[in-house]
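Reviewing the structure listed below.
Numbering (my numbering), first residue to last: 3 to 171.
Here's what the structure looks like:
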């Protein structure tokens, strides 16, 4: 009986050492995984920052373009009003000079075309801004997910360290 007792005592320290070595190996694997995820998270954050900066720049440019289009549109509306007034005055005064009326009519048509083009540009700008906002929302969601994953991995690493420390005791 004493022969059976001795091997059990010998295998217990050996088994404990094996368990500690396994825990240490698992801990190293988890640390490598955490480091890899941390690097990936940093890259995502860096890409997100670049994307946000690019989107902000493009949104500023679009806002400036929209403001410019609005100013141009207001100027065009003033020109249209002036042309209409001139045409009305010419008709009222009985100056049916075909050349003046034709010239004013041509200017009015040109102005109408420009206003239509400006409206198209504004509509396109609105669509682009909507797309940028969608991209920004998606990027923010991705960052939130990466932060959650990093926090979860940090917690798992802390727990693994604690288990390894307790096993070493």
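Beta carbons are placed, not taken as given, at the ideal position from N, Cα and C, and that holds for glycine. Since this is a predicted model, take the numbers as computed values, not measurements.
Rounded C-beta distance between residue i and residue j? I'm assuming under 8 angstroms.
{"i": "residue 53", "j": "residue 137", "result": "7 angstroms"}
{"i": "residue 131", "j": "residue 23", "result": "So it is not a contact: roughly 58 angstroms between Cβ atoms."}
Please say whether residue j and residue i have beta carbons closer to each other than 8 angstroms?
{"i": "residue 75", "j": "residue 117", "result": "yes"}
{"i": "residue 106", "j": "residue 85", "result": "yes"}
{"i": "residue 127", "j": "residue 67", "result": "yes"}
{"i": "residue 21", "j": "residue 169", "result": "yes"}
{"i": "residue 159", "j": "residue 36", "result": "yes"}
{"i": "residue 145", "j": "residue 50", "result": "yes"}
{"i": "residue 25", "j": "residue 166", "result": "yes"}
Residue i: which of the options sits nearest, CA to CA?
{"i": "residue 109", "options": "127, 166, 78, 126", "result": "78"}
{"i": "residue 42", "options": "163, 61, 166, 148", "result": "148"}
{"i": "residue 133", "options": "142, 93, 57", "result": "57"}
{"i": "residue 156", "options": "55, 19, 29", "result": "29"}
{"i": "residue 154", "options": "33, 92, 83, 27", "result": "33"}
{"i": "residue 113", "options": "26, 162, 59, 82", "result": "82"}
{"i": "residue 163", "options": "19, 27, 17", "result": "27"}
The ligand FAD heavy atoms versus the CB of residue i: any closer than 7 angstroms?
{"i": "residue 108", "result": "Among the ligands in the structure shown, none appear at all, so the ligand FAD cannot be discussed."}
If I measure Cβ to Cβ from residue i and keep anything under 6 angstroms in the same chain, skipping five residues before and after, which residues do I get?
{"i": "residue 46", "result": "148"}
{"i": "residue 135", "result": "none"}
{"i": "residue 71", "result": "120, 123, 124"}
*asked:* Restricting to runs no shorter than 3 residues, where is the beta strand (DSSP E) found entirely within the segment 45-127?
replied: none
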